[in-house]
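As given, the protein sequences belong to chains A and B, one line each in that order. 187 is the number that the working numbering gives to position 187 of the first sequence; each next residue is one higher, with no gaps. The working numbering runs 1000 ahead of the 1-based position in the second sequence. We put the CB at the ideal spot given by N, CA and C, even for glycine. Take a look at the structure set out below.
There are 2 protein chains.
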Amino acid sequence: MTQPRAWVVTIGDELMRGEIVDSNKSFFSERLLTLEIETVRHVTVADDPEAMSEVLRAAVANARIVLVSGGLGPTRDDLTTEVVARTFGRGIYRDAAVLERMQAYFRSLGREMTPNNAKQADFPEGAEILPNPVGTAPGFLLQVEGSLLFCTPGVPRELYRMVDEEILPRIEARLARPGVLRTSLLRTFGLGESVLDSELADLARDNPAVTLGFRTQFPDNLLRVVARGSDRAQAELELRRVVDVIRARLGPLVVGEGERGLEAIVGELLLERKHTVAVAESCTGGLLASRLTDVPGSSAYLLEGAVVYSNEAKQRVLGVDPALLDAHGAVSEPVVRQMAEGMRQRSGADFGLATTGIAGPGGGSDEKPVGTLWVALASAERTQARRYQLMRDRARNKLLAAQIGLEWLRRTLLGIELPDETFPRQRGVPR
Amino acid sequence: MTQPRAWVVTIGDELMRGEIVDSNKSFFSERLLTLEIETVRHVTVADDPEAMSEVLRAAVANARIVLVSGGLGPTRDDLTTEVVARTFGRGIYRDAAVLERMQAYFRSLGREMTPNNAKQADFPEGAEILPNPVGTAPGFLLQVEGSLLFCTPGVPRELYRMVDEEILPRIEARLARPGVLRTSLLRTFGLGESVLDSELADLARDNPAVTLGFRTQFPDNLLRVVARGSDRAQAELELRRVVDVIRARLGPLVVGEGERGLEAIVGELLLERKHTVAVAESCTGGLLASRLTDVPGSSAYLLEGAVVYSNEAKQRVLGVDPALLDAHGAVSEPVVRQMAEGMRQRSGADFGLATTGIAGPGGGSDEKPVGTLWVALASAERTQARRYQLMRDRARNKLLAAQIGLEWLRRTLLGIELPDETFPRQRGVPR
Chain A
1 MTQPRAWVVT IGDELMRGEI VDSNKSFFSE RLLTLEIETV RHVTVADDPE
51 AMSEVLRAAV ANARIVLVSG GLGPTRDDLT TEVVARTFGR GIYRDAAVLE
101 RMQAYFRSLG REMTPNNAKQ ADFPEGAEIL PNPVGTAPGF LLQVEGSLLF
151 CTPGVPRELY RMVDEEILPR IEARLARPGV LRTSLLRTFG LGESVLDSEL
201 ADLARDNPAV TLGFRTQFPD NLLRVVARGS DRAQAELELR RVVDVIRARL
251 GPLVVGEGER GLEAIVGELL LERKHTVAVA ESCTGGLLAS RLTDVPGSSA
301 YLLEGAVVYS NEAKQRVLGV DPALLDAHGA VSEPVVRQMA EGMRQRSGAD
351 FGLATTGIAG PGGGSDEKPV GTLWVALASA ERTQARRYQL MRDRARNKLL
401 AAQIGLEWLR RTLLGIELPD ETFPRQRGVP R
Chain B
1001 MTQPRAWVVT IGDELMRGEI VDSNKSFFSE RLLTLEIETV RHVTVADDPE
1051 AMSEVLRAAV ANARIVLVSG GLGPTRDDLT TEVVARTFGR GIYRDAAVLE
1101 RMQAYFRSLG REMTPNNAKQ ADFPEGAEIL PNPVGTAPGF LLQVEGSLLF
1151 CTPGVPRELY RMVDEEILPR IEARLARPGV LRTSLLRTFG LGESVLDSEL
1201 ADLARDNPAV TLGFRTQFPD NLLRVVARGS DRAQAELELR RVVDVIRARL
1251 GPLVVGEGER GLEAIVGELL LERKHTVAVA ESCTGGLLAS RLTDVPGSSA
1301 YLLEGAVVYS NEAKQRVLGV DPALLDAHGA VSEPVVRQMA EGMRQRSGAD
1351 FGLATTGIAG PGGGSDEKPV GTLWVALASA ERTQARRYQL MRDRARNKLL
1401 AAQIGLEWLR RTLLGIELPD ETFPRQRGVP R
C-alpha cells in the first residue's frame, strides 16, 4: 500500500467571496500529519452543485482520504449531502434517531424545530453518521471507490471536535497500519521556524518511527511530534524519548505542551505557587494585562495593571523619579526598574513586571532604535532588568514584548535563567 | 462576452502542511469582487512541479483571470516561474533591469547578493513584469490561451500592494468594459452580516451599476460598495449616492470608511478635538488600552490605563466606595460610574471610560449572567452608564466590550446618541 494522501475540500459562497478567511484547511492538514498523512490538494468551491460534484469526483479519484467541510446546515444553500449522494450514485435516507435528537434539542431551548432543520438528519445511503458534540448537524463518512470521504459542518468549533474525536480515530483504524501513534504538541518561543527545523531535522531523519511538524502562531512556533510504536505503551515510550531529546536540546525554549498559550501556562504556575503579579506597561500598552486576563480565573493572581504611556503617569502612578526620566529617558534601565518596583509596592503583589520601549514606527534614535525594549521584574529579593532589540513593526513589537514579559514570569517561577539579550532569534529580528 | 470568472491558486508546502492559515485567497477574492469578478475556485498545491502544472492548466482552461501566489522566492522550492514557462511552452529570460535593481538593493544594505537571488530576475518569455514595491521578487503577467495569469510572491504584505497597484488596474484595462469603477469600504459595528445583507439587498438589486460585498472582522462587518459609471466622475457620483443611502439607513452603525479600525478612528477624533482619555478596565482586562495603543502616536491622547480586576484595586486605585461594592457588587451601575469618574479625576483626562462585567465562562448568576457588561463614560459635564448583554464566550466578550467602549468614545466625540441596550445585534448575542 502506498502512503495515503489527502484532499481537503471546503464549500461555501462566503469563502469564494473572501468574506472570511478559511482556517479549516490548515487545521485539517496539520491534524492529518499526526497520522503521517500528507495533504496534496486544498480546493474550495461555492455552494454550486456542478462545481461541488466535479471537485468531489476529482478528490476521490486522487486521494484515499477526503475531508470535506461546509454545506451541512439547514438552509437552501447547504447542498453537500444531496450532491455527495448524487455524485456517487447513492440514495438519501432520513435517520430517525438523529431527527429525534434534534427535536429534543430544540424542545430543550423551548423552541419548535423549523421544518428546514429536518434535512440535517438526511444522509447518503451507506454513510456512517459522525456525531457532532457541539452543534445540530452531524457529519458522515462514506466509503467510495476505495476512498474515505468525511463530511463535516463548516463551523470551526464543531469540526475541530469532530476531527479529533470521530475522524482521526476512524482513519487510523481503517488504514490498519502496524502499530499505533502517539502525538505531542510542543510550544516553543524564541527560535524562528527555520532554525528550529535545522536544529531538529536529524531526529526525524534518523528515526523512521518519528515525524515532526511545525506551525507558526506568532511569536510562538508549535512543534508537533508524532511517534509510532507496535502498541500504545511502546509508542508512548518512543514519544517520550523524542520529546525528552527535544527538550534537552531546546531547554527553556520549550515553554509548554499542548494548545495552551503562554498566558495560561504562566497563570497555572502562579496559581500553583500562590503568587500574585501586577504589571506596569509602557510600550506594551495594556497587551500584557490583556493576555493575562484572557485566562478564566486570572483574577486570582493578577492584582493590578497600569498603562503608563506618559512620563507624568510614570511619576504619578508608579513613583518614578523625574530626575531619572530627565537623565536617562523613559526607555532606560533605571526607569524600567522603578516602574517594576513601584508597581509591586503599590499593588502588594509578589511580582511587579514592567515594560518600556519604542514600539515604532516613530520615536527611534541611533541610540534607541525602534524595537528597543526594556523589561524589569521586581520581587521581594531583587529587581532584574534587561534590554532587547525587537523588530520594526509596531504590532509585532507589542506582541513580542508582551510575550517576553510573560516568559520572564514563567522562567522566574520555575527558577530558570532569564533569556539573554540575543533573545528572541526570530526571522525579522536583527542580530 | 460572458462575465469573467477567476481561479485563485496558492502554492507552498507550508500551506499543505497547515503550518500557516492562507489568508491570501480571501484577500484576492474580495478584491476581485470590486471589479465584479466572481472567484469560482480556490486551489492550493505543494511546491511540486507536476501538481502545479496540472492546476495551472485547469485554471487557464476554466477562468479568464488566474491569480497565483507563492513560489517566486530565491530558494530551490520556488518553482513558479519555471513551471509556468514549461506548462505553457515558453522559454525563460533574465531581466537585466530587475537584476540590477536587486543588486543595488543588496548593496544599499551593505550586503553581497547571493547567486540564488538572481533567479528572482527570471521571467517566462512574453511576460509583463509587475513591480514589487515592498520586496525583492517582482511578479508577472502572462497571457495564455485568452486568460490573464498573474503571479505574485506569497508574502501578504507584498501581494496586497501588488494587487491594488499592479493587478486590478491591468484587469480593469484588459476587460475593456464600458465605464470605470469606484469603490468604498464601509466599516460597520452593531449589526450581524445577515441583518446587514437583508437591510441593503435592494440597493444592489435595483441598481445594476452597484455591487455590495461583505467581509467579517469580528466584531465589525466590512461592507464593500462598488459603483460603475461611464467615466470617473459619474462612477464617483454613483458611489457617493449609494454610500449616502447606506449611511442614511444605517446611521451611526457605519463607524468609518477604509481599512482603519475603530481605535484609529477614535484616535483621529481625539487628536482633532485635542481631547484626552483615560481608561479603567475590569472585564476588558487591558484590551481597551491595548487597542488604543495599537495606534502610532496614541500617547498624545491616552493619558493612563488601569486594569482593576479586584475590588481592592477598584477601591485603592479608583476610589470606588466599598459600601457600593458591598451593596451592588462590582458589576453594577454605581461601581462603573465611580470607576469612570475616579479614573478621570486621577488622570486629569477629559474623558474617563470604564468597563465592568462578567466575561465568563464562570461567575454568572440569574441576575447577572455571563455576558453582562456595564460601560460608563465620565466627562466634565456628566457621567453616563449603560448595561449590555453580550455572549457566552470570554474572548468574544472581551472584544465586544472593548469595541463598545471605543464606540462610546466615538459617538460622544461626534455628539451622537449612545447605543441603546439592545446593542449590538450580532449573531450569537441573545435578544
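>> Rounded to whole angstroms, what is the Cα-Cα separation between residue 1237 (chain B) and residue 1209 (chain B)?
In response: 11 angstroms
> Below 8 angstroms between beta carbons: does that hold for residue 156 (chain A) and residue 23 (chain A)?
Replying inline: yes
> Can you list, in chain order, the residues of its chain whose CB lies under 6 angstroms from that of residue 319 (chain A), leaving out five sequence neighbours each side?
Replying inline: 342
>> Is residue 1369 (chain B) close to chain A? Criterion is C-beta to C-beta, closer than 8 angstroms.
In response: no
> Considering only residues of the same chain and omitting the five flanking positions on each side of residue 1021 (chain B), which have a CB-CB separation below 6 angstroms?
Replying inline: Here the set comprises nothing.
> Using the C-alpha atoms, what's the distance from residue 289 (chain A) back to residue 75 (chain A)?
Replying inline: 42 angstroms
>> I'd like to know if residue 206 (chain A) contacts chain B, where contact means its C-beta is closer than 8 angstroms to some C-beta of that chain.
In response: no
> For residue 347 (chain A), is the classification buried or exposed, using 16 other Cβ atoms within 10 angstroms of its Cβ as the cut-off for buried?
Replying inline: buried
> Can residue 1222 (chain B) and residue 1214 (chain B) be called in contact, C-beta distance under 8 angstroms?
Replying inline: yes
> What's the C-alpha gap between residue 48 (chain A) and residue 1182 (chain B)?
Replying inline: The straight-line gap from Cα to Cα measures roughly 29 angstroms.
> How would you label residue 159 (chain A), buried or exposed, when you count the other beta carbons within 10 angstroms and need 16 or more for buried?
Replying inline: Burial call: buried.
>> Can you tell me where the beta strand (DSSP E) holding residue 388 (chain A) begins and where it ends?
In response: 383-389
>> Quick test of your reading: residue 268 (chain A) and residue 305 (chain A), contact by CB under 8 angstroms. State the CB separation rounded to the nearest angstrom.
In response: With 8 angstroms as the limit, residue 268 (chain A) and residue 305 (chain A) do not qualify as a contact, their Cβ atoms being about 19 angstroms apart.
> Where residue 235 (chain A) and residue 8 (chain A) are concerned, what is the direct C-alpha to C-alpha distance, given to the nearest angstrom?
Replying inline: Cα to Cα, the separation comes out at about 28 angstroms.
> In chain B, which residues lie with their C-beta within 7 angstroms of the C-beta of residue 296 (chain A)?
Replying inline: 1361, 1362 and 1394
>> I'd like the list of long-range same chain contacts for residue 285 (chain A), defined as Cβ closer than 8 angstroms, with 5 residues on each side in sequence excluded.
In response: Result list for residue 285 (chain A): 307, 309, 359 and 398, in chain order.
> Any Cβ of chain A within less than 8 angstroms of the Cβ of residue 1076 (chain B)?
Replying inline: no
> Name the chain A residues that come within less than 9 angstroms of residue 1304 (chain B), Cβ to Cβ?
Replying inline: For residue 1304 (chain B), the neighbours in chain A by C-beta distance under 9 angstroms run, in chain order, 306, 307, 308, 309, 310, 312, 313, 316 and 317.
> Grouping DSSP H, G and I as helix and E and B as strand, with all else coil, what is residue 36 (chain A)?
Replying inline: coil
> So which of B:1176, B:1265, B:1126 and B:1361 has the shortest CA-CA distance to residue 1230 (chain B)?
Replying inline: B:1176
> Are the beta-carbon atoms belonging to residue 1161 (chain B) and residue 1115 (chain B) less than 8 angstroms from one another?
Replying inline: no
> Which class does residue 359 (chain A) belong to by DSSP, given the choice of helix, strand or coil?
Replying inline: coil
> Is the stretch 1081-1091 of chain B close to the stretch 55-73 of chain A, with three or more CB pairs under 8 angstroms?
Replying inline: no
>> If I follow the unbroken alpha helix (DSSP H) through residue 1203 (chain B), where does it start and stop?
In response: 1193-1206
>> What would DSSP say about residue 1109 (chain B), mapped onto helix, strand or coil?
In response: coil
> For residue 216 (chain A), which residues of its own chain have a beta-carbon under 8 angstroms away from its beta-carbon, when the five flanking residues on both sides are left out?
Replying inline: 193 and 222
> Mind listing which residues of the stretch 1036-1061 of chain B have their C-beta closer than 7 angstroms to chain A's C-betas, in chain order?
Replying inline: 1039, 1040, 1041, 1042, 1043, 1044, 1045, 1046 and 1051
> Rounded to the nearest angstrom, how far is the Cβ of residue 405 (chain A) from that of residue 356 (chain A), given a contact under 8 angstroms?
Replying inline: That belief does not hold up - the Cβ atoms of residue 405 (chain A) and residue 356 (chain A) are roughly 11 angstroms apart, past 8 angstroms.
> Do three or more CB pairs link the stretch 59-75 of chain A to the stretch 139-150 of chain A at distances below 8 angstroms?
Replying inline: yes
> Hey, residue 1092 (chain B) and residue 1122 (chain B): beta-carbon distance below 8 angstroms or not?
Replying inline: yes
> Do you know how far the Cα of residue 1344 (chain B) is from the Cα of residue 1275 (chain B)?
Replying inline: 12 angstroms
> Terminal residues of the continuous alpha helix (DSSP H) containing residue 282 (chain A)?
Replying inline: Where residue 282 (chain A) is concerned, there is no enclosing alpha helix (DSSP H), given that its DSSP letter is neither H nor E.
> What separation, rounded to the nearest whole angstrom, lies between the Cα atoms of residue 1207 (chain B) and residue 1184 (chain B)?
Replying inline: 16 angstroms
> What's the C-alpha gap between residue 102 (chain A) and residue 136 (chain A)?
Replying inline: 6 angstroms
> Which residues, taken in chain order from the stretch 12-27 of chain A, show a beta carbon closer than 9 angstroms to some beta carbon of chain B?
Replying inline: 14, 15, 16, 17, 18, 19, 20, 21, 22, 23, 25, 26 and 27
> Would you call residue 1069 (chain B) buried or exposed, if buried means 16 or more other Cβ atoms sit within 10 Å of its Cβ?
Replying inline: buried
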